[in-house]
Amino acid sequence: MTIDRFQTEADLSAALAARVLETIVTRPRTVLGLPTGRTPLGLYRELRERSGGDRIDWSQVRTFNLDEFAGLGPAHPASYRSFMQAELFDHVSLVPEHIGFLNGTAPDLVAECRQYDDAIARAGGIDLQVLGIGANGHIGFNEPADGLRAETHVAVLTRPTREANAHRFDHDWAQVPERALSMGMATILGAREIILIATGQEKAAAVQGMIEGLITTRLPASLLQVHPSVTVMVDREAWPR
Ligand code: F6R
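Counted from 1, the sequence shown has number 24 at position 24 by our numbering; the numbering is strictly sequential.
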């Protein structure tokens, strides 16, 4: 694991955006894996600003998002798809057919998950996967447990994770769906390169466990230790050294 520590969240976002855009410019057919959440907001702001006016050609880029709430369709205002449209997709020259997204209202959620892994494989796999991390060490919606799922699957969300998402549901955690569709650990670890971003003091314990702790399904991000190309980008609060 390589650790890049930044003075501020803004510095981190600018450096990551530069790295993502450099990847796209040098390899226009890049396949990106993308997260939602508060942590990547600065990244998406930078990507919007730096790509504006067709300065960066996204037309051959493919994207696959990590997860989506079960029961929410793409147009639902609290869906992760809506988040991505507003934060990135509506502002860059991505081709809609190149956007891979789990559909939380698919009639057969298990089949939806299987088809998602197939679509990632058909695209040639993920070149660069960007990840956030939950305060409990989850990545995607792979929550701490005795065992983790390898493939994309329907996940049961823990109460802390539902609480962390309450801001998208009138600040009422009980309205947050109990289940979500998520890339599994093998799907994530199959990416050629992974960049995990973490900011804020509330992530410090999870970040320390991920970097220095034993590999354990009780802290899913610790499994990243087995991947040959992981960069952890942190601010001072998340990695106070
Ligand atoms: C979201 C996702 C989650 C988040 C994590 C951190 O697509 O996969 O694992 O990355 O919950 O969320 P924030 O950035 O809101 O703290």
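Heads up, the beta-carbon is just placed ideally off N, CA and C, and yes, glycines get one too.
What you are looking at is a predicted structure, and each value in this text was computed from that prediction instead of being measured.
- Secondary structure in the segment 132 to 178: the beta strand (DSSP E) runs of 3 residues or longer, each lying completely within the stretch, are 153 to 156 in chain order.
- Boundaries of the alpha helix (DSSP H) harbouring glutamate 49: 41 to 51, taken from the DSSP string.
- Look at leucine 94 here: in three-state DSSP terms it is coil, with no helix or strand label.
- Assigned with DSSP and collapsed to three states, alanine 121 falls in helix.
- The three-state secondary structure of isoleucine 99, taken from DSSP, is strand.
- Taking each of Leu66, Leu181, His167 in turn and checking the Cα distance to leucine 189, the smallest one comes out for Leu66.
- For the pair isoleucine 120 and phenylalanine 64, the CB atoms are nearer than the 8 Å cut-off.
- A distance below 8 Å separates the beta carbons of tryptophan 239 and valine 207.
- The beta carbon of leucine 16 lies closer than 7 Å to those of Leu43, Ile195, Ile197, Met233 in the same chain, with the five residues before and after it left out.
- For histidine 91, the CB contacts under 6 Å within the same chain, skipping 5 residues up- and downstream, are Arg48 in chain order.
- For glycine 209, the CB contacts under 7 Å within the same chain, skipping 5 residues up- and downstream, are Gly137, Leu219, Ser222 in chain order.
- Exposure of alanine 10 is indicated by the presence of fewer than 16 other C-beta atoms within 10 angstroms of its C-beta.
- The C-alpha of valine 110 lies about 23 Å from the C-alpha of glutamine 175.
- In chain order, Val31, Gly33, Ala191 place their CB closer than 6 Å to the CB of isoleucine 126, counting only its own chain and leaving out the 5 sequence neighbours on each side.
- Under the 8 Å Cβ criterion, the segment 98 to 112 does not count as touching the segment 155 to 169, having fewer than three qualifying pairs.
- One thing to note: arginine 29 has its Cβ within 8 Å of the Cβ of glutamine 60.
- With distances taken between CA atoms, glycine 73 lies nearest to Ala106 out of Ile56, Arg50, Ala106.
- CA-to-CA, the gap between glycine 104 and glycine 71 works out to about 5 Å.
- Beta-bridge partners assigned by DSSP to methionine 233: Asp4, Ile197.
- Excluding residues up to 5 positions away in sequence, Gly200, Gln201 lie with their Cβ nearer than 6 Å to the Cβ of glutamate 237 in the same chain.
- Straight across, the Cα-Cα distance linking glycine 140 with glutamate 212 is about 21 Å.
- The Cβ-Cβ distance between aspartate 4 and threonine 216 does not fall below 8 Å.
- Around the C-beta of valine 95, fewer than 16 other C-beta atoms lie within 10 Å, and the residue is accordingly described as exposed.
- Taking a 10 Å sphere around the C-beta of aspartate 235, we find 16 or more other C-beta atoms and assign the residue as buried.
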